[in-house]
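What follows is one structure encoded as structure tokens, with my remarks underneath.
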Amino acid sequence: MDIKSSIIERVRKQGRDILTEIEAKQVFQEAGVKTVETRLASTQKEALAMCSQIGYPVVLKIASPDITHKSDAGGVKVGLKNEAEVKQAYRDIMASVKEKYPAAKIEGVSVQNMARPGIEIIVGMYKDKQFGPVIMFGLGGIFVEVLKDVSFRLIPILPWDAVQMIKEIKGYALLNGYRGQEPADIPSLEGVLLKVSALVEKTPEIKEIDLNPVFAYKDSAVAVDARIVVEK
Ligand code: ADP
Ligand code: MG
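The numbers in numbering that gives the first Met the number 0 rise by one with no breaks, and the one at position 42 of the sequence shown is 41.
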């Protein structure tokens, strides 16, 4: 069985409908979407060992099937440079999560590479009641939240659709390099859209997708956060 099917089966058996970040990233990797290396550590000691394996700087995030908005829970610490910072981050994350979500089941933390800064992109999918699965593309942060600068297409999309989706957002100029910022690798972003479309097309169990954010660089694109919701 492929990774995706066994993860979806496990999620359903456990009565969940949202994959953890680690599970979602495994599904995307299998589908050909690049993500930062992410592993589960169930104790502080395990987290420290993984950090020295992965190499600093690292990111620690709360790993809980009950928490999907990790930052809101005080569950994300980025740019940790050494053991002392990881120890402190682990304690802070656990303290904050216990206060804000006392009933949440905690698996530990995810340990991941600190990705270098890039242009933040969002790729999403939801199922419209009338039209079915829709794929969304936009720039991260205020562009999506405040300006609603996003483009949509019905799934499945063709390569031409991916090209157009990216070109038609108002912020497109930012992807071509702005004030000395490095331009984004547009073909990589088109690839992400096409792979998400293909994944959804062959996996009707998937109800919702959020790649938020994907960091775009001049020669690649990598997802640093991923969320998948499955049908009940
Ligand atoms: P949330 O569940 O709150 O959406 P995220 O995983 O998206 O949590 O993390 C919050 C922010 O932290 C991201 O928008 C991104 O800017 C930054 N971030 C997350 N993971 C990484 C990473 N591996 N490398 C660099 N920055 C990251
Ligand atoms: Mg996120």
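For every residue, glycine included, the Cβ atom is placed at its ideal position computed from N, Cα and C. Every value quoted in this text rests on a predicted model; they were computed, and no experiment measured them.
- In the DSSP assignment, residue 124 falls within the unbroken beta strand (DSSP E) covering 118-127.
- Boundaries of the alpha helix (DSSP H) around residue 43: 43-53.
- For the pair residue 9 and residue 30, the Cα-to-Cα distance works out to about 18 angstroms.
- Secondary structure of residue 2 (DSSP, three-state): helix.
- If you check the CB distance, residue 108 and residue 62 come in under 8 angstroms.
- Between residue 79 and residue 56, the C-beta gap is smaller than 8 angstroms, which places the two residues in contact.
- CA-to-CA, the gap between residue 214 and residue 110 works out to about 18 angstroms.
- Closest in C-alpha terms to residue 43, from the list 168, 198, 93, comes 93.
- Here residue 136 is near residue 122, since their CB atoms are less than 8 angstroms apart.
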